Each structure stands twice: as C-alpha cells, then as structure tokens.
Amino acid sequence: MRPSICHLNGVDLPLDEARVPVLDRGFIFGDGVYEVVPAYGRVPFRFDEHIARLGRSLGEIGMRDPLGHEAWAALLARLLADNDPADQCIYIQVTRGVARRDHAFPKDTPPTVFAYSFPFPHVPESLRRQGAACITLPDTRWLRAHIKSIALLGNVLARQASAEVGAQETILVRDGWLTEASASNVWVVRHGRLAGPPMDNLKLAGIRVGLMDALAATAGVPLERRPVAEWELRCADEILLTSATKEVLAVTTLDERQVGTGKPGPVYAALYAAYQGAKQQQAD
Ligand code: PDD
1151 MRPSICHLNG
1161 VDLPLDEARV
1171 PVLDRGFIFG
1181 DGVYEVVPAY
1191 GRVPFRFDEH
1201 IARLGRSLGE
1211 IGMRDPLGHE
1221 AWAALLARLL
1231 ADNDPADQCI
1241 YIQVTRGVAR
1251 RDHAFPKDTP
1261 PTVFAYSFPF
1271 PHVPESLRRQ
1281 GAACITLPDT
1291 RWLRAHIKSI
1301 ALLGNVLARQ
1311 ASAEVGAQET
1321 ILVRDGWLTE
1331 ASASNVWVVR
1341 HGRLAGPPMD
1351 NLKLAGIRVG
1361 LMDALAATAG
1371 VPLERRPVAE
1381 WELRCADEIL
1391 LTSATKEVLA
1401 VTTLDERQVG
1411 TGKPGPVYAA
1421 LYAAYQGAKQ
1431 QQAD
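Using the numbering used here, the first residue of the sequence shown is number 1151, and each one after it goes up by one.
Right, dumping it as structure tokens:
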C-alpha cells in the first residue's frame, strides 16, 4: 500500500507531514464540522448528500462552504486515486481557522480545510453473523446534535462506556425516547414494521436515514418515521444501526439482554441486501 496522501488548505501531501497550528479553533474550541464519506471501488457513495449536509452543518455554525460541490468532487477524486485500497472513507473537516483565542468569531480568518482517506473499515464477517452488542445511556449531549460538529465529547464518552464492556455501540435515550447512537442512527422492528425517530435537532440526519425509504421499499418492509419510546427498544424483535461505516448492522444484545431471537433477523437481512444493491447500482 502507498503512503497515505491527505489534503490541507489547498495542498495534497503525505498524511504524516500535515501540520495544523495549535491555535486552530478546531483544536482550541472544537469549532468546526466534519463529514465521513464512504467510497467503494474509489467512487464516493451518496456524495451529493454528504456535501449537502456539510453545507448545512457549515451554515448552522455561520460558515460558508469554502470549496463548493465541484471542488469537493475533484478533491475526493484525487484522494481516492492517490490512496489504497479501493474501498475507502474520506474524512473531511472544516474549522473556523487559526486566530488568537477569543470565543467570538475572528474576522477575515480563512477556514482550515482538511481531508484524508482511510481504508474502509468493513464490519468483520463474524460480527455481521453474530450481530452487535449495545448498551443504553441517557442522551446528555447538547441540543444541536443535527450539526455534524467536531466537538464530539458527549459522543466520545458515550461510546467509551460501551467499549469498556466490550460492546460495539451505545444507544442514547432522552426523556424516555430513542434519539440515536454515539456514531450511528438506530431503528427498531416490531411485528414486521420498521420504525425510526423523525429527524430533528436531537439527532444527526444520517445519509443512510435519507436512503431508508428506498431501502425499505426494495426490501418490502413497512417503514414508520415516528418517535420511538424506550420501552419499544427494550421489547423490539430487531434493532438496527446505520452509518457510513456500519452500513446496516443488526443489534442482537441490548444491555446484556438478548434482542428478539438473539440472531440478526429477517428485516436486517433484507435491508442489508438492499443496501448492497444500492452500492452495486451506483457502481453499474
Ligand atoms: N458517524 N449519528 C451520529 C452521531 C453519527 O456520528 C453518525 C455517523 C450517524 C450516521 O450518519 P451517516 O449515515 O451519514 O454515516 C448518526 C460517522 C460515520 C463518524 O462519525 O465516524
């Protein structure tokens, strides 16, 4: 494999040579936003949707998209060509730039634009077959989780709690209602019906959430977008996670209790197949 090539402020260079000044507001305040774009066979998957969400996140924090759709497309194409293997994820981060420390926005400071590629972390076959173990925690994050902010301490602490007990993800519940997980969206299946909470300020609108209507239609699964109560999560027949890297993943243990049969269920299998189909369709 060739050495990793990244992009920093207009220059492509080896990842281990890239440097950002310590006064970058991303470092000082977590003042920036990010994206994780999956790519299969060096072609980004749902690129337009990811770049549109980046624009919305930037807008929410009072920044403009520094590059625009065409330049992002060219940048991602270069990174994907310059890195291995063929299946990659592109991490994009835009911060409010380097300035003397002051909470208020600096004037006329150029943003820091960074992107790098990492090999697509395919879910191991054993985990796919077995399904994931999850824990639940109260969602104590800020009330603007719809912004894909790089300030992820709430998500990091939530995820660490599941890592410490050998589980794969932490599902978050606020006031008795399912929000999302530390780095994925969450779906429940009861009596053959798939339900996921409506997107609002308490959840990140995952790109796979936007794809779910089409996937469910392909899979022949009825889909309801409605608030999902914690008790429904606890007596679900199936629980699913979606994200750029997990794609669609079954949850078979919740808080050390078996979910449904304890095996990835039929709705999972149908939606996972539909997702693989959507990837294939893009490649054709
Ligand atoms: N995480 N919710 C949160 C809090 C997330 O961090 C993510 C993605 C999602 C799923 O969104 P998408 O389908 O667009 O990947 C939901 C990425 C993968 C990450 O931070 O690594």
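Glycine residues also receive a C-beta, built at the ideal position from the N, C-alpha and C atoms.
Fair warning: this is a prediction, and the values are worked out from it, not measured in the lab.
Could you tell me whether the Cβ atoms of His1157 and Arg1228 are closer together than 9 Å?
-> For the purposes of this step, residue 1157 is taken as the residue at position 7 of the sequence shown. For the purposes of this step, residue 1228 is taken as the residue at position 78 of the sequence shown. Yes. Within cutoff.
Spell out the partners DSSP gives Gly1337 in its beta bridges.
-> Start at 1 with the first residue of the sequence shown, and residue 1337 comes out as number 187. The amino acid at residue 1337 is misidentified as Gly; the sequence shows Trp. Answer is Leu1390.
Verify the contact flag: Glu1314, CB atom, against every heavy atom of the ligand PDD, threshold strictly below 8 Å.
-> On the sequence shown, position 164 is the one that residue 1314 refers to. It does not: the Cβ of Glu1314 is nowhere closer than 8 Å to a heavy atom of the ligand PDD.
Whose CA, out of Asp1325, Phe1270, Gly1342, Leu1225, lies closest to the CA of Thr1290?
-> Counted from its first residue, the sequence shown places residue 1290 at position 140. Of the candidates Asp1325, Phe1270, Gly1342, Leu1225, the one whose C-alpha sits nearest the C-alpha of Thr1290 is Asp1325.
DSSP state of Gly1182, grouped into three classes?
-> Taking the sequence shown and counting its residues from 1, the one referred to as residue 1182 is at position 32. If DSSP states are grouped into helix, strand and coil, Gly1182 belongs with the strands.
Helix, strand or coil: how does DSSP classify Ile1300 here?
-> Taking the sequence shown and counting its residues from 1, one reaches residue 1300 at position 150. Ile1300 falls in the coil class under three-state DSSP.
Any chance the CB of Lys1429 is under 8 Å from a heavy atom of the ligand PDD?
-> Residue mapping note: residue 1429 aligns to position 279 of the sequence shown, counting from 1. For Lys1429, the shortest C-beta to heavy atom distance toward the ligand PDD is 8 Å or greater.
From the DSSP output, read off the bridge partner residues of His1157.
-> To locate residue 1157, count along the sequence shown from 1; it is residue 7. His1157 pairs with Asp1162, Ala1265.
The stretch 1347-1356 in contact with the stretch 1403-1418 per 3-pair CB rule at 8 Å | Not touching, per the Cβ criterion.
Taking the alpha-carbon positions, what's the His1341 to Cys1385 distance?
-> Along the sequence shown, read from residue 1 onward, the residue named residue 1341 stands at position 191. Along the sequence shown, read from residue 1 onward, the residue named residue 1385 stands at position 235. Spanning the two alpha carbons is a distance of roughly 11 Å.
In whole angstroms, what is the alpha-carbon distance linking Leu1441 and Ile1321?
-> With the chain covering only 1151 through 1434, there is no way to say anything about residue 1441.
Cβ-heavy atom distance between Val1273 and the ligand PDD below 8 Å?
-> As a working note, residue 1273 is residue 123 in the sequence shown. Not under cutoff, so the answer is no.
With a floor of 4 residues, list each alpha helix (DSSP H) that falls wholly inside the stretch 1190-1260, ordered by position along the chain.
-> Correct list: 1197-1210, 1219-1232.
Hey, how far is the Cα of Glu1199 from the Cα of Pro1377?
-> Position 49 of the sequence shown, counting from 1, holds the residue named residue 1199. Position 227 of the sequence shown, counting from 1, holds the residue named residue 1377. The straight-line gap from Cα to Cα measures roughly 24 Å.
Between Asn1233 and the rest of its own chain, which residues show a CB-CB distance below 8 Å, the 5 nearest in sequence each way excluded?
-> As a working note, residue 1233 is residue 83 in the sequence shown. Result list for Asn1233: Arg1152, Ser1154, Ile1155, Ser1267, in chain order.
State the beta-bridge partners of Arg1324 as determined by DSSP.
-> As a working mapping, residue 1324 is identified with position 174 in the sequence shown. Answer by DSSP bridge pairing, in chain order: Trp1327.
Should Pro1261 go down as buried or exposed, given a rule of 16 or more other Cβ atoms within 10 Å for buried?
-> What you label residue 1261 is simply residue 111 of the sequence shown in a count that begins at 1. In summary, Pro1261 is buried, with 16 or more beta-carbon neighbours lying within 10 Å of its beta-carbon over all protein chains present.
Opposite Thr1286 in the DSSP bridges: which residues?
-> Residue 1286 sits at position 136 when you count from the first residue of the sequence shown. The partner list for Thr1286 (beta bridge, DSSP) reads Ile1321.
Proximal residues to Glu1397 (C-beta, below 6 Å), its chain only, five neighbours per side dropped | Counting from 1 along the sequence shown, the entry for residue 1397 is found at position 247. Tyr1425.
Hey, quick one: how far does the alpha helix (DSSP H) through Glu1275 stretch, first residue to last?
-> Here residue 1275 refers to the residue found at position 125 of the sequence shown. It spans 1275-1280 - the alpha helix (DSSP H) in which Glu1275 sits, taken as one unbroken run.
At least 3 beta-carbon pairs within less than 8 Å: the stretch 1191-1210 vs the stretch 1230-1245 | Taking 8 Å as the limit for Cβ pairs, the verdict is that the stretch 1230-1245 does touch the stretch 1191-1210.
Excluding sequence positions up to five away, which residues of its chain have a Cβ less than 6 Å from the Cβ of Pro1414?
-> Against the sequence shown, residue 1414 aligns to sequence position 264. The beta carbon of Pro1414 is closer than 6 Å to those of Gly1281, Ala1400 in its chain, skipping five residues each way along the sequence.
Can you grab the Cα-Cα spacing for the pair Leu1217 / Val1183, in whole Å?
-> Translated into the one-based positions of the sequence shown, residue 1217 becomes position 67. Translated into the one-based positions of the sequence shown, residue 1183 becomes position 33. If you take the alpha carbons of Leu1217 and Val1183, they lie about 14 Å apart.
With burial defined as no fewer than 16 other Cβ atoms inside 10 Å of the residue's Cβ, what is the status of Arg1250: buried or exposed?
-> One-based indexing of the sequence shown puts residue 1250 at position 100. Counting C-beta atoms within 10 angstroms of its own C-beta, Arg1250 has fewer than 16 neighbours from the protein chains shown and is therefore classed as exposed.
Are the C-beta atoms of Pro1153 and some chain C residue less than 9 Å apart?
-> Within the model displayed, chain C is absent; a lone protein chain is all it includes.
Check: Val1170 C-beta below 8 Å from any heavy atom of the ligand PDD = For the purposes of this step, residue 1170 is identified with residue 20 of the sequence shown, where counting begins at 1. The answer is no for Val1170.
Pro1414 by DSSP, collapsed to three states: which one?
-> On the sequence shown, position 264 is the one that residue 1414 refers to. DSSP, read as helix, strand or coil, puts Pro1414 in coil.
Along the chain, where does the alpha helix (DSSP H) that runs through Leu1365 open and close?
-> Residue mapping note: residue 1365 aligns to position 215 of the sequence shown, counting from 1. Unbroken alpha helix (DSSP H) run through Leu1365: 1357-1369.
Strand pairing of Asp1434, partner residues [DSSP] = Counting from one through the sequence shown, the residue named residue 1434 turns up at place 284. In DSSP, Asp1434 forms no bridge with anything.
To the nearest angstrom, how far is it from the Cα of Gly1209 to the Cα of Glu1185?
-> Locating residue 1209 in the sequence shown gives position 59, where the first residue counts as 1. Locating residue 1185 in the sequence shown gives position 35, where the first residue counts as 1. Looking at the two C-alpha atoms, the distance is approximately 14 Å.
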